[in-house]
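Peer 1: Numbering (numbering that gives the first Met the number 0), first residue to last: 0 to 176. The C-beta atom is built at its ideal place from N, Cα and C for all residues, glycine as well. Note that the structure is a prediction, hence the values are computed from the model and not measured.
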Amino acid sequence: MYQIDSIIASPYYLLELATAVQTQITLQHIISGGAPIFASDAEKILNTFHKATLKVAYGSTEAEPISYCKADEIVKHKDAFGLFSGKPVESILLKIITPKHLPQTTEKELNRLELPVNKIGEIIVSGDAVNESYLDNPQAIAENKIITEQRNLASNGRISGYLNEKGQLFLTGRSLR
Numbered sequence: 000m001y002q003i004d005s006i007i008a009s010p011y012y013l014l015e016l017a018t019a020v021q022t023q024i025t026l027q028h029i030i031s032g033g034a035p036i037f038a039s040d041a042e043k044i045l046n047t048f049h050k051a052t053l054k055v056a057y058g059s060t061e062a063e064p065i066s067y068c069k070a071d072e073i074v075k076h077k078d079a080f081g082l083f084s085g086k087p088v089e090s091i092l093l094k095i096i097t098p099k100h101l102p103q104t105t106e107k108e109l110n111r112l113e114l115p116v117n118k119i120g121e122i123i124v125s126g127d128a129v130n131e132s133y134l135d136n137p138q139a140i141a142e143n144k145i146i147t148e149q150r151n152l153a154s155n156g157r158i159s160g161y162l163n164e165k166g167q168l169f170l171t172g173r174s175l176r
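1. For Ala41 and Leu26, what's the separation of their Cα atoms in angstroms?
2. List the residues that DSSP assigns as beta-bridge partners of Val124.
3. So for Tyr133, helix, strand or coil by DSSP?
4. Just the Cα atoms here: how many angstroms apart are Ile123 and Leu14?
5. Considering Val55, what are the terminal residues of the beta strand (DSSP E) in which it resides?
6. If you compare alpha carbons, which of Lys165, Ser125, Ile158 is closest to Thr147?
7. So what's Pro102 in DSSP terms, helix, strand or just coil?
8. How would you call Phe80, buried or exposed, if buried means at least 16 neighbouring beta carbons within 10 angstroms?
9. Determine the burial state of Ile3: buried for a count of at least 16 other Cβ atoms within 10 Å of its Cβ, exposed for fewer.
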């Protein structure tokens with residue numbers, strides 16, 4: 000019998016596995032992403048694989064990873080407004096801005112639209128792990144990218160959220176722009 004100690008899987012698969020498991024599995028490391036893991040799901044997975052550390056990545060097709068956290072932190076923040084998603088990774092510039100369609104703008108205007116701590120807005124990101132364009136698709140660029148004189152930013156599927164005073168990201172849904 001193989002002694003699997005690590006797995007990378009979607010939240011759906013992990014929940015199915017946690018439901019189906021009838022014997023002790025010696026998982027030590029679990030990484031998940033691709034869909035949200037809510038506190039109740041995190042608790043179920045952690046209770047089933049109680050020796051494992053479950054890390055959850057948040058990102059998108061255009062930007063991965065944006066942030067990550069341990070699942071026990073999701074459980075710890077279960078009463079907060081929004082889904083706890085950890086701190087942005089160091090290679091990502093993440094801003095929360097007033098939702099507004101901005102295919103072209105300036106850094107000055109972008110900074111003016113940036114919201115203070117604990118204010119919900121649209122999440123935008125740039126960095127090495129963020130794609131800057133779409134091949135032969137100017138419409139997708141116009142709808143999903145913000146281009147300034149210094150960088151291209153991804154509007155990340157118009158996801159809304161906020162950063163708390165510790166710089167931790169909470170997801171709240173879709174932005175209204």
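Peer 2: Concretely, from the data shown:
1. C-alpha separation (whole angstroms): 15 angstroms.
2. Per DSSP, the beta bridge partners of Val124 are Leu93, Ala153.
3. coil
4. 30 angstroms
5. 52-57
6. Ser125
7. In this structure, Pro102 counts as coil in the three-state DSSP scheme.
8. With a 10 Å radius around the Cβ and a threshold of 16 neighbouring Cβ atoms, Phe80 comes out exposed.
9. exposed
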